[in-house]
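Enquirer: Chains as they are written, first to last, in numbering that gives the first Met the number 0: chain Z, 0 to 488; chain H, 0 to 515.
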Amino acid sequence: MGTPYFDYHALAPVIVLAAVALLALVVDFVWKDGGRRAVPQIAGIGLLLALIPVFTLAADGETRSMFGGAFVVDNYALAFAGFFLIVGYVAVLMSYDYIDEGDYYRGEYYVLLVTSVLGMVVLASARDLITIFVAIETVTLPTFVLAGWRKHDTRSNEAAIKYFIIGVLSSAVMLYGMSLIFGLSNSTLLSEIGSVASGDNPALFAVAIFLTLAGFAFKVSAVPFHFWAPDTYQGAPLPVTAFLSVASKAAGFVAMLSVVALGFFASPNSWQPVIWILAAASIVVGNLAALRQTDVVRMLAYSSVAQGGFILVPLAVSGDNDAARAGFQGVLVYILIYAAMNMGAFACVIANARRTRSTEIQSFSGLGRSNPAMAVVFTVFLFSLAGIPPFAGWFAKFVMFRAVLDAGTTAAVVLGVLAAVFSVVAFFYYGTVIRRMWFHAPVDLGDTGSPQVPGALVAAMAITTTVVVVIGVYPQLFAKIGDLAFRAT
Amino acid sequence: MDWFDDWALTLAVFTPLVGMAIVLLIPRAEEAAIKVVALLTSLVTLAIGVGILVDFDFGNTAKMQFQVDKEWIPVINARYHLGIDGISLPLLILTMVIVPLCIIYSLDHFPEPHNPKAFLALILLLEVGMIGTFVALDLVLFFIFFEVVLLPMFFMIGVWGGPNREYASIKFFLFTLFGSALMLVSFLALYFLSKRSTFDISTLASFEGAGITRGTQVLLFAGLFLGFAIKVPMFPFHTWLPDAHTEAPTVGSVLLAAVLLKLGTYGFIRIALPILPEGAQVWAPWIGLLSVIGIIYGALCCLAQRDMKRLIAFSSVAHMGFVMLGIATLTDFGVNAAVFGMVAHGLITGMLFFLAGSIQHRYHTREMSRLGGLLVSAPKMGWILGFCAMASLGLPGLAGFWGEFPAVLSAFEPSRLANGILGNTASTLWTFRTFMVVAAIGTVLAAGYLLWMYQRVGMGTPKPEFEDAHIHDVHRPEWVAWTPLLLGIVVFGLFPNLIFSITNDAASSITRAFSG
């Protein structure tokens with residue numbers, strides 16, 4: 000074997016991100032005072048720059064494969080790479096004033112954030128167990144540190160420790176599962192694992208798949224692997240929570256989707272029941288637990304567990320009949336829409352926390368009167384999360400139900416009816432916040448912070464609101480992405 | 000006027016949306032400008048409606064007219080398909096007439112906490128959803144509009160409502176959402192099970208359920224039934240209605256009664272019956288049974304009410320029972336009666352809610368034991384209340400009669416394909432004739448509670464606490480808002496053929512699968 004083949008065009012997004020992370024680190028180190036202002040700009044612009052090669056690659060349309068098929072750039076990879084970059088950019092916007100105003104290190108924050116996004120972009124292209132593992136650890140490791148960024152706050156420390164221990168444990172479980180798969184199939188490449196299928200030891204293969212999926216389930220905080228989520232979300236700085244609940248969760252789903260669609264697909268009996276149970280349990284437990292929350296961040300944490308369950312539904316039925324494509328599309332479209340609405344919701348929570356220094360649901364009382372614009376925006380996100388048209392959430396639910404009925408098996412329909420019933424339950428807790436904002440008089444919270452919503456946060460809200468409204472009225476845009484991403488497979 | 004044919008329905012749906020956007024852009028302090036824009040928008044929408052009436056081909060009411068069929072979400076085969084026939088037209092026009100009247104009525108008395116900007120914006124958004132639902136011919140599009148209606152009504156009740164508004168608004172929302180979630184699942188199942196994967200209502204209806212087994216049809220019909228029956232609302236899903244009506248501001252109640260409830264019955268006629276004929280045949284006796292229970296139960300509840308508005312709300316349950324009984328017979332006669340009943344109920348109950356609102360505005364109470372002597376204090380309003388009560392109880396010569404009487408009559412001769420209560424066609428005749436007798440008893444009860452209400456509110460002498468109070472008689476905005484409705488009640492009462500001639504062919508076409 001000679002030197003491996005490098006396609007620099009295909010690697011360009013990754014290279015740009017790596018360069019940006021290094022540049023930000025150096026600038027912060029060398030140019031002390033000026034660096035404080037410059038680093039967030041570098042991070043933001045760098046993420047947008049990395050989008051350029053994603054677009055040129057998409058325009059090119061050619062599937063590029065490297066490193067013996069371990070790293071592939073196709074429509075699927077590009078769709079998610081672009082998605083992660085935009086989510087990363089919105090996260091930078093949301094962090095800007097929050098990190099600026101607290102007693103935080105700034106430079107390192109953005110370096111870690113960009114590094115995590117780098118891991119996600121690699122993950123989107125990863126087609127081999129080792130690459131997937133390295134990528135997913137690149138995503139996760141920086142977030143361990145970010146979760147504990149509020150260094151004088153014991154809650155934040157607790158959040159980081161909890162997240163770290165459970166994260167490492169899940170990685171170990173996942174790695175063990177992967178090693179078993181390697182032992183059975185003699186390869187780490189997903190395509191080769193797929194062709195071996197269950198091999199000559201189906202029981203062990205099923206155990207291996209179960210362990211691998213359990214590792215991913217921790218990452219996406221699916222029930223019963225969700226314990227860390229509410230505490231970590233509440234303790235971490237709010238922009239980090241937003242990033243965790245959207246980007247790193249989505250990364251877990253992407254890994255799961257790649258592994259299932261390309262690796263395990265031929266033996267649905269070993270992965271379908273696992274995902275079915277994860278989905279059903281997440282929907283039930285997530286929604287019921289969210290009903291009882293009084294803190295909006297914990298409420299959103301459980302809501303994201305529940306939404307994760309909805310995302311898993313199409314995957315759980317994709318092994319039946321010819322439902323695979325509809326199922327995978329359903330997962331992809333749901334992730335894209337979920338990201339927009341959940342990021343937006345967190346932007347509103349951050350803005351409100353600046354105003355009231357609280358994340359209690361009570362602190363939203365009377366927002367409709369004191370700041371109608373913000374209340375309207377938050378209401379849009381909450382309705383969207385609840386799946387009410389004409390906001391994008393309805394389409395996410397729609398593609399989910401579509402996959403269920405396309406499969407048409409009893410197990411699928413049972414899951415579908417469960418999802419339908421609990422999507423109504425979900426409105427109850429989203430509605431609680433809406434009622435607080437519009438039907439209640441403002442409450443006096445004593446120490447009130449700045450009522451002004453800073454520009455970067457407004458930009459983050461504007462981007463996410465636009466996506467939620469435009470996709471809600473004209474879902475074809477995202478549907479098309481989902482269609483293209485799975486045309487090849 | 001080719002141009003108008005292509006664009007009329009799109010304009011009708013989205014003009015209110017444009018108006019809403021303009022209203023939102025005007026600063027909150029400019030109340031006069033906000034009111035003018037909102038009123039103008041609703042009048043322009045009405046003008047489009049008049050244009051549609053002029054251009055409508057009345058010789059061909061079974062055919063979908065003013066059709067638009069464009070690509071919308073090709074990946075899932077959902078299309079932007081609009082169109083109207085003789086069933087949708089009366090309801091569409093009813094909506095377009097009611098909205099400006101509601102805006103006129105609110106111009107000088109906005110409920111607390113005032114804020115005309117938000118209130119009018121919500122009314123216009125509501126109009127988008129209502130018109131959209133009546134013209135949509137694609138299941139996905141129908142679902143979107145059906146749901147869009149929820150948002151403004153939720154806020155209207157929750158922000159401008161009475162003391163128990165929070166409970167009422169969330170109850171209203173959750174009930175409807177529950178129904179529509181299962182409705183959506185049924186829509187998707189229809190898509191995958193029908194001969195050709197499509198969401199197009201006309202195409203699906205033309206299959207007449209071919210390719211879907213009887214058992215599956217029964218299940219899917221149940222899903223659709225839940226979605227629509229909750230909206231109607233039918234017994235036992237009606238419990239959100241009295242709460243929502245009691246707490247909603249006057250205009251909210253009027254729109255709820257006059258239009259929103261019809262979305263459910265319209266769904267049965269447009270979607271459930273023609274697309275799943277065998278499901279409908281199996282469910283018909285049960286729909287009929289729930290309808291007559293609703294008629295009797297609603298009437299009995301009315302007799303137990305102390306609050307005037309709550310009484311009218313329960314009377315809605317009873318009246319919608321007649322409409323659903325007409326639909327349950329699966330005959331063109333019954334569907335004609337149902338559509339007439341929907342329009343008549345919209346006019347009459349809408350008027351009654353206006354009156355209840357005006358009475359509350361003057362007396363600051365709706366307790367019938369405290370009211371009395373309206374004919375003395377405000378004679379014109381008293382006479383109008385009497386007139387509406389007569390119309391509501393189905394007095395021949397007024398609109399209410401033509402909704403109620405033919406519906407009862409239609410149960411005498413139900414479709415021969417409909418099942419009876421024993422699950423076979425042998426029991427059909429006596430099942431529905433029993434329903435007919437019970438429904439007829441319901442009309443007597445209706446006369447009872449309406450006259451009783453009128454006696455307590457309108458007759459007698461004013462109670463001591465209001466003896467010296469100055470009770471305004473009907474003033475100008477009220478006259479403007481009410482006259483068209485009162486005229487409608489008389490005109491359609493005297494010339495019922497104005498509506499029957501429009502709906503007849505369309506009703507026959509919709510029930511052709513049951514004429515066997």
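Even glycine gets a Cβ: it sits at the ideal position worked out from N, Cα and C. As the structure is a prediction and not an experimental result, all values here were calculated from the model.
(1) On the criterion of 16 or more Cβ atoms from any shown chain inside 10 Å, does residue 227 of chain Z qualify as buried, or is it exposed?
(2) Measuring CA to CA, which of H:1, H:114 and H:64 is closest to residue 87 of chain H?
(3) DSSP three-state call for residue 266 of chain Z: helix, strand or coil?
(4) Could you tell me which of H:210, H:42 and H:279 sits nearest to residue 217 of chain H, measuring between CA atoms?
(5) Is residue 71 of chain H helix, strand or coil by DSSP?
(6) Quick one: using the 10 Å Cβ neighbour count with 16 as the cut-off for buried, is residue 73 of chain Z buried or exposed?
(7) Can you find the residues in the same chain that come closer than 6 Å, C-beta to C-beta, to residue 263 of chain H, ignoring five residues on each side of it along the sequence?
(8) Looking at the C-beta of residue 365 of chain H, does it have a partner C-beta in chain Z at a distance below 8 Å?
(9) How should residue 454 of chain Z be labelled, buried or exposed, when 16 other C-beta atoms within 10 angstroms of its C-beta is the threshold for buried?
(10) Taking all protein chains shown into account, decide if residue 413 of chain H is buried (16 or more other Cβ within 10 angstroms of its Cβ) or exposed.
(11) Excluding the 5 residues flanking residue 187 of chain Z on each side, which residues of the same chain have their C-beta closer than 6 Å to its C-beta?
(12) Between residue 245 of chain Z and the rest of its own chain, which residues show a CB-CB distance below 7 Å, the 5 nearest in sequence each way excluded?
(13) Give the residues of chain Z in contact with residue 143 of chain H, contact being defined as C-beta atoms less than 8 Å apart.
(14) Looking at C-alpha atoms only, which residue of H:121, H:406 and H:108 is the closest neighbour of residue 15 of chain H?
(15) Check the DSSP bridge columns for residue 83 of chain H and list the partner residues they point to.
(16) Would residue 7 of chain H be called buried (16 or more neighbouring beta carbons within 10 Å of its own) or exposed?
(17) Does chain H have any CB closer than 8 Å to the CB of residue 404 of chain Z?
(18) In terms of residue numbering, what span does the beta strand (DSSP E) encompassing residue 64 of chain Z cover?
(19) For residue 25 of chain H and residue 118 of chain H, I'd like the C-alpha separation in whole angstroms.
(20) By a C-beta neighbour count over all protein chains shown, 10 Å radius and 16 as the cutoff for buried, is residue 0 of chain Z buried or exposed?
(21) Spatial neighbours of residue 48 of chain Z within its chain, please: CB distance less than 8 Å, with the 5 preceding and 5 following residues excluded, ordered by chain position.
(22) Give the straight-line distance between the Cα atoms of residue 338 of chain H and residue 502 of chain H, rounded to the nearest whole angstrom.
(23) For residue 144 of chain H, which residues of its own chain have a beta-carbon under 6 Å away from its beta-carbon, when the five flanking residues on both sides are left out?
(24) Taking 7 Å as the cut-off, is the beta-carbon of residue 193 of chain Z closer than that to any non-hydrogen atom of the ligand SAM?
(25) Does chain H have any CB closer than 8 Å to the CB of residue 275 of chain Z?
(26) Measure the Cβ-Cβ separation of residue 349 of chain H and residue 256 of chain H and say whether it is below 8 Å.
(27) Counting C-beta neighbours from all protein chains within 10 Å, is the total for residue 100 of chain Z 16 or more, i.e. buried, or is it exposed?
(28) Please say whether residue 210 of chain Z and residue 172 of chain Z have beta carbons closer to each other than 8 Å?
(29) Which chain Z residues sit within Cβ distance under 7 Å of residue 165 of chain H?
(30) Could you give the distance in angstroms between the alpha-carbon of residue 398 of chain Z and the alpha-carbon of residue 279 of chain Z?
(31) Go ahead and pull the three-state DSSP assignment for residue 126 of chain H.
(32) Looking only at C-alpha atoms, which of Z:137, Z:251 and Z:324 sits nearest to residue 216 of chain Z?
(33) Between residue 96 of chain Z and the rest of its own chain, which residues show a CB-CB distance below 7 Å, the 5 nearest in sequence each way excluded?
(34) Indicate whether at least one CB of chain H lies closer than 8 Å to the CB of residue 466 of chain Z.
(35) Just checking my contact of residue 329 of chain H with residue 272 of chain H at CB under 8 Å: how many whole Å lie between their CB atoms?
(36) Between residue 90 of chain H and residue 113 of chain Z, what straight-line distance do the alpha-carbon atoms span, to the nearest angstrom?
Expert: Taking the coordinates as given:
(1) Walking along the first sequence from the start, residue 227 of chain Z turns up at place 228. When all chains shown are included, residue 227 of chain Z counts as buried.
(2) Stepping through the second sequence from its first residue, residue 87 of chain H is reached at position 88. It is H:64.
(3) Here the question's residue 266 of chain Z lines up with position 267 in the first sequence. Reduced to three states, the DSSP call for residue 266 of chain Z is coil.
(4) Here residue 217 of chain H refers to the residue found at position 218 of the second sequence. Comparing Cα positions, the closest option is H:279.
(5) Your numbering for residue 71 of chain H matches position 72 in the second sequence. In the three-state reduction of the DSSP assignment, residue 71 of chain H falls in the strand class.
(6) To locate residue 73 of chain Z, count along the first sequence from 1; it is residue 74. So residue 73 of chain Z ends up on the buried side.
(7) If you number the second sequence from 1, residue 263 of chain H lands on position 264. Around residue 263 of chain H: 227, 230 and 231.
(8) As a working mapping, residue 365 of chain H is identified with position 366 in the second sequence. No, because no Cβ of chain Z sits closer than 8 Å to the Cβ of residue 365 of chain H.
(9) If you number the first sequence from 1, residue 454 of chain Z lands on position 455. Exposed.
(10) The count along the second sequence starts at 1 and reaches residue 413 of chain H at position 414. Flag for residue 413 of chain H reads buried.
(11) For the purposes of this step, residue 187 of chain Z is identified with residue 188 of the first sequence, where counting begins at 1. Excluding sequence neighbours, residue 187 of chain Z sits near 127, 128, 129 and 181.
(12) Numbered from 1 along the first sequence, position 246 holds the residue referred to as residue 245 of chain Z. Within the same chain, residue 245 of chain Z has close Cβ partners 86, 338, 341 and 342.
(13) Against the second sequence, residue 143 of chain H aligns to sequence position 144. Here the neighbours are 388, 389 and 393.
(14) For the purposes of this step, residue 15 of chain H is taken as the residue at position 16 of the second sequence. Restricting attention to H:121, H:406 and H:108, the CA atom closest to the CA of residue 15 of chain H is found in H:121.
(15) Numbered from 1 along the second sequence, position 84 holds the residue referred to as residue 83 of chain H. H:64, per the DSSP bridge assignment.
(16) On the second sequence, residue 7 of chain H is found 8 positions in, with the first residue counted as 1. The residue is buried, with at least 16 neighbouring Cβ atoms inside 10 Å.
(17) Residue 404 of chain Z sits at position 405 when you count from the first residue of the first sequence. Taking Cβ atoms only, chain H reaches closer than 8 Å to residue 404 of chain Z, which makes this a yes.
(18) Position 65 of the first sequence, counting from 1, holds the residue named residue 64 of chain Z. Segment 63 to 65, the beta strand (DSSP E) holding residue 64 of chain Z.
(19) The residue labelled residue 25 of chain H in the question sits at position 26 within the second sequence. The residue labelled residue 118 of chain H in the question sits at position 119 within the second sequence. Cα-Cα distance, rounded: 13 Å.
(20) Along the first sequence, read from residue 1 onward, the residue named residue 0 of chain Z stands at position 1. With a pLDDT of only 48 at residue 0 of chain Z, under 50, the local geometry of the prediction cannot be trusted, and no value is derived from it.
(21) Residue 48 of chain Z sits at position 49 when you count from the first residue of the first sequence. Within the same chain, residue 48 of chain Z has close Cβ partners 15 and 19.
(22) Position 339 of the second sequence holds residue 338 of chain H. Position 503 of the second sequence holds residue 502 of chain H. Cα to Cα, the separation comes out at about 7 Å.
(23) On the second sequence, residue 144 of chain H is found 145 positions in, with the first residue counted as 1. Contacts found: 128, 131, 132 and 135.
(24) With respect to small molecules bound, the structure shown includes none, and the ligand SAM cannot be examined in it.
(25) Mapped onto the first sequence, residue 275 of chain Z falls at position 276. Judged by the 8 Å Cβ criterion, residue 275 of chain Z is not in contact with chain H.
(26) Counted from its first residue, the second sequence places residue 349 of chain H at position 350. Counted from its first residue, the second sequence places residue 256 of chain H at position 257. In contact: residue 349 of chain H and residue 256 of chain H (Cβ atoms closer than 8 Å).
(27) Here residue 100 of chain Z refers to the residue found at position 101 of the first sequence. With fewer than 16 other Cβ atoms within 10 Å, it is exposed.
(28) By 1-based counting over the first sequence, the position of residue 172 of chain Z is 173. By 1-based counting over the first sequence, the position of residue 210 of chain Z is 211. Yes, these two residues count as a Cβ contact at 8 Å.
(29) Your numbering for residue 165 of chain H matches position 166 in the second sequence. Within chain Z, the residues near residue 165 of chain H are 434 and 438.
(30) Indexing the first sequence from 1 puts residue 398 of chain Z at position 399. Indexing the first sequence from 1 puts residue 279 of chain Z at position 280. Each residue's alpha carbon lies about 17 Å from the other.
(31) In the second sequence, residue 126 of chain H corresponds to position 127, counting from 1. In the structure shown, residue 126 of chain H sits in a helix (DSSP, three-state: H, G or I).
(32) Sequence index remark: in the first sequence, residue 216 of chain Z carries index 217 (1-based). Measuring from the Cα of residue 216 of chain Z, the nearest candidate turns out to be Z:251.
(33) The residue given as residue 96 of chain Z occupies position 97 in the first sequence. Excluding positions up to five away in sequence, the list reads 453, 455 and 456.
(34) One-based indexing of the first sequence puts residue 466 of chain Z at position 467. No, its Cβ sits nowhere closer than 8 Å to a Cβ of chain H.
(35) Residue mapping note: residue 329 of chain H aligns to position 330 of the second sequence, counting from 1. Residue mapping note: residue 272 of chain H aligns to position 273 of the second sequence, counting from 1. Rounded, the Cβ-Cβ distance is 7 Å, consistent with contact.
(36) Numbered from 1 along the second sequence, position 91 holds the residue referred to as residue 90 of chain H. Numbered from 1 along the first sequence, position 114 holds the residue referred to as residue 113 of chain Z. When rounded, the distance between both Cα atoms is 56 Å.
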